[in-house]
Amino acid sequence: MSKEQVALVTGASRGIGRGVALELAKTHTVVATYRGRRDAAESLQAECGADIVQSDISSAADREALIGHVRQKYGRLDLLVNNAGIAPRERKDILEAAEDIYDEVLDTNLKGPYFLTQLAARLMVEQGRGRIVFVTSISAYTASIMRGEYCISKAGLAMAVSLWAARLAPHGIGVFEIRPGIIRTDMIEKVRESYEEKAKAGLLPQGRLGDPADVARAVRAVAEGLLDYGTGTVINADGGFHLRTL
Numbered sequence: 007m008s009k010e011q012v013a014l015v016t017g018a019s020r021g022i023g024r025g026v027a028l029e030l031a032k033t034h035t036v037v038a039t040y041r042g043r044r045d046a047a048e049s050l051q052a053e054c055g056a057d058i059v060q061s062d063i064s065s066a067a068d069r070e071a072l073i074g075h076v077r078q079k080y081g082r083l084d085l086l087v088n089n090a091g092i093a094p095r096e097r098k099d100i101l102e103a104a105e106d107i108y109d110e111v112l113d114t115n116l117k118g119p120y121f122l123t124q125l126a127a128r129l130m131v132e133q134g135r136g137r138i139v140f141v142t143s144i145s146a147y148t149a150s151i152m153r154g155e156y157c158i159s160k161a162g163l164a165m166a167v168s169l170w171a172a173r174l175a176p177h178g179i180g181v182f183e184i185r186p187g188i189i190r191t192d193m194i195e196k197v198r199e200s201y202e203e204k205a206k207a208g209l210l211p212q213g214r215l216g217d218p219a220d221v222a223r224a225v226r227a228v229a230e231g232l233l234d235y236g237t238g239t240v241i242n243a244d245g246g247f248h249l250r251t252l
């Protein structure tokens with residue numbers, strides 16, 4: 007695979023996005039977005055040569071500018087990885103949840119990727135090729151009453167995969183969902199030890215938490231075209247959490 011291929015990874019300065027960007031940089035020119043942590047983005051750039059772009063995915067103007075940058079600088083987009091996402095600033099029982107936090111999470115986690123995909127898809131339709139990945143979460147189907155906003159955003163994103171897969175299939179553009187489980191990132195750091203104990207006790211059949219590289223390898227399978235006849239496929243990168251066992 008030639009490095010002429012261009013991959014856009016959102017939310018790539020840390021966590022899962024960083025792992026995906028590092029993996030794809032082996033074979034692609036990577037455009038990596040970040041929102042606030044320029045230091046982390048510059049570290050990624052130094053490590054793998056990614057083209058870093060500050061972008062708030064919840065902003066329509068930023069989304070337009072981002073795809074404009076890709077179009078003007080590279081003239082192509084072969085892979086979009088919708089990874090950028092946030093947890094609620096405050097974890098509250100859904101009886102006490104605040105609308106402003108709900109809006110913030112949904113704007114970033116659902117509306118942003120949905121409409122960024124619209125812009126990217128138009129470019130891919132023009133060029134007659136492309137692949138799109140949505141990084142969702144086991145929270146798409148797992149109820150966490152202390153962060154309902156996050157669960158709803160990921161459930162909506164799972165439906166967005168089906169919608170875009172159906173719409174873009176006639177154009178030969180594949181759309182895939184990668185559904186991570188409990189991954190060692192900053193987002194879970196405060197409760198990581200508790201999750202590790204639960205994983206070993208049976209919460210995860212494979213007995214360990216995931217790493218960003220586990221998700222990145224799933225993105226690699228999409229990038230290599232190994233799943234091209236399975237648009238709309240959900241890839242569980244969750245240590246077996248999705249299994250129902252007795």
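Numbered per our numbering, the sequence shown spans residues 7 to 252. Yeah, the Cβ is synthetic: ideal placement off N, Cα and C, and Gly gets one too. The model shown is predicted, which means the values in this text are computed figures rather than measured ones.
Exposure of residue i, with buried meaning 16 or more beta-carbon neighbours within 10 Å
i: Gln51; result: buried
i: Ile63; result: buried
DSSP state of residue i mapped onto helix, strand, coil
i: Tyr40; result: strand
i: Phe121; result: helix
i: Asp220; result: helix
i: Met7; result: In this prediction, Met7 scores a pLDDT of 44, lower than 50, which makes its location untrustworthy; no coordinate-derived value is stated.
i: Pro211; result: coil
i: Leu14; result: strand
i: Gly74; result: helix
i: Ile63; result: coil
i: Arg173; result: helix
i: Asn242; result: strand
Pairwise C-alpha distance: residue j and residue i
i: Thr16; j: Phe140; result: 10 angstroms
i: Thr123; j: Ala66; result: 12 angstroms
i: Glu105; j: Lys9; result: 44 angstroms
i: Arg198; j: Asp244; result: 15 angstroms
i: Gly25; j: Thr251; result: 30 angstroms
i: Arg44; j: Thr191; result: 18 angstroms
i: Trp170; j: Gly238; result: 8 angstroms
i: Gln133; j: Phe121; result: 19 angstroms
i: Ala207; j: Leu101; result: 31 angstroms
Neighbourhood of residue i by C-beta distance below 8 angstroms, restricted to the same chain and skipping five residues each side
i: Ala146; result: Cys157, Lys160, Ala161, Leu163, Ala164, Arg185
i: Glu70; result: Leu125
Contacting residues, own chain, Cβ-Cβ under 6 angstroms from residue i (five flanking each side not counted)
i: Leu232; result: none
i: Gln11; result: His34, Asp84
i: Arg97; result: Met152, Arg153
i: Val131; result: His177
i: Thr142; result: Lys160, Leu163, Ala164, Glu183, Arg185
Proximal residues to residue i (C-beta, below 7 angstroms), its chain only, five neighbours per side dropped
i: Leu116; result: Ser159, Gly162, Leu163
i: Val240; result: Glu183, Arg185
Residue i: CB within 7 angstroms of a non-hydrogen atom of the ligand COA
i: Cys54; result: Here there are no bound small molecules, and the ligand COA is not part of this structure.
**OP:** Determine contact between the region 215 to 223 and the region 179 to 188, defined as no fewer than three beta-carbon pairs at a distance below 8 angstroms.
**Re:** yes
**OP:** For the region 110 to 121 and the region 149 to 156, state whether three or more C-beta atom pairs, one from each stretch, are separated by less than 8 angstroms.
**Re:** yes
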